[in-house]
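>
Residue numbers (this note's numbering): 57 to 325.
1. Determine which residues share a DSSP beta bridge with residue 92 and list them.
2. Grab me the residues of residue 260's own chain with a C-beta within less than 7 Å of its C-beta, minus the 5 sequence neighbours each way, in chain order.
3. Quick one, are the C-beta atoms of residue 274 and residue 166 less than 7 Å apart?
4. So, is residue 299 buried or exposed, given that buried needs 16 or more other C-beta atoms within 10 angstroms?
5. On the three-state DSSP scale, how would you describe residue 285?
6. Counting only the same chain and skipping the five closest in sequence on each side, list residues whose C-beta sits under 8 Å from that of residue 100.
7. With 7 Å set as the bound, which would you pick, yes or no: does the beta-carbon of residue 154 sit closer than that to a beta-carbon of chain B?
8. Would you grab the beta carbon distance between residue 221 and residue 142 for me? Rounded to a whole angstrom, and I think it's under 8 Å.
9. Thinking C-beta only, is residue 163 closer than 7 Å to residue 193?
10. Excluding the 5 residues flanking residue 325 on each side, which residues of the same chain have their C-beta closer than 8 Å to its C-beta?
11. Determine the direct distance from the alpha carbon of residue 206 to that of residue 246, and round the result to whole angstroms.
12. With DSSP as the reference, label residue 160 as helix, strand or coil.
13. With DSSP collapsed to three states, give me the class of residue 64.
14. Using the three-state DSSP reduction, which class does residue 229 fall into: helix, strand or coil?
15. I need the DSSP call for residue 197, collapsed to helix, strand or coil.
16. Got a sec? Which residues, its chain only, sit under 8 Å from residue 87 by beta carbon, not counting five neighbours each side?
17. Can we count residue 219 as close to the ligand COA, meaning its CB is less than 6 Å from some heavy atom?
18. Any contact between the stretch 282 to 293 and the stretch 145 to 160? By contact I mean 3 or more CB pairs, one from each, below 8 Å.
19. Tell me whether residue 294 sits in a helix, a strand or coil according to DSSP, three-state version.
20. With a threshold of 16 other CB atoms inside 10 Å of the CB of residue 253, please say whether the residue is buried or exposed.
21. So, is residue 126 buried or exposed, given that buried needs 16 or more other C-beta atoms within 10 angstroms?
22. Which class does residue 172 belong to by DSSP, given the choice of helix, strand or coil?
23. Using the C-alpha atoms, what's the distance from residue 171 back to residue 297?
24. Where do the N-terminal and C-terminal ends of the alpha helix (DSSP H) with residue 261 fall, by residue?
25. Using 8 Å for Cβ pairs, my map puts residue 209 next to residue 134. What's the rounded Cβ distance?
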């Protein structure tokens with residue numbers, strides 16, 4: 057027993073060390089910076105400014121609004137796609153095609169969309185070929201949401217697919233034999249049985265979408281302002297690390313709330 061305990065402690069050391077250095081210490085520094093001013097004195101002025109400011113609250117609303125839109129669109133695409141994918145013959149091939157783009161750096165994919173959507177890009181060239189002229193497809197809300205949905209889609213689809221794939225096929229067969237329509241099977245049978253996968257997908261999409269900042273600049277052209285943009289601005293441009301840390305702490309709290317409400321609840325016996 058003692059040997060087992062020592063082995064567990066030994067193998068836990070790398071994990072605990074990584075957690076301490078890259079999670080606990082950074083969050084501790086953020087909390088310290090958010091609760092102090094330039095002189096290093098304790099203050100709640102940063103949180104007061106966030107709550108009373110006419111700048112940060114609209115940014116907070118934008119962050120939640122866009123995160124909800126991105127999450128909703130990815131879910132509406134992913135749920136039926138995952139259901140269809142689970143019934144395909146060569147599902148492993150399709151899964152590989154879905155996973156492969158996630159191996160490419162996000163920045164590279166973003167620059168690829170800059171090339172596709174620019175006025176001299178492929179899409180506008182096709183429009184010109186068919187006599188439709190060129191259009192400003194970049195630096196607006198629609199392009200921001202479109203690219204964000206593309207980037208986040210696999211992280212919604214895969215958890216839902218795994219949940220649907222674990223459903224007993226005999227249950228779905230019994231539903232068809234009893235005369236249930238496909239839409240009823242999806243809404244009243246598949247949806248409840250795959251709810252844990254849906255919650256995992258919401259966590260994987262909604263939480264990162266709250267803090268998007270690179271896409272707001274490169275694709276949205278700073279016309280889309282979120283809390284992620286504000287954090288980047290304060291840490292890199294204005295050097296106001298105290299306000300940037302305050303916004304980061306508020307985002308962390310928002311993410312924690314999201315994880316709490318979308319957690320997998322234990323099954324009642």
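Note that the Cβ used here is the ideal one computed from N, Cα and C, for glycine as well.
By the coordinates alone:
1. 98
2. 211, 212, 215
3. yes
4. buried
5. helix
6. 91
7. Absence of chain B from the displayed structure is noted, only one protein chain being present.
8. 5 Å
9. no
10. Summary for residue 325: the model assigns pLDDT 40, below 50, so the residue's position carries little reliability; its value from the coordinates is reported in the next sentence. Here the set comprises nothing.
11. 24 Å
12. coil
13. helix
14. helix
15. helix
16. 301, 305
17. The model on display carries no ligand, and the ligand COA is accordingly not part of it.
18. no
19. coil
20. buried
21. buried
22. helix
23. 34 Å
24. 251 to 266
25. 6 Å
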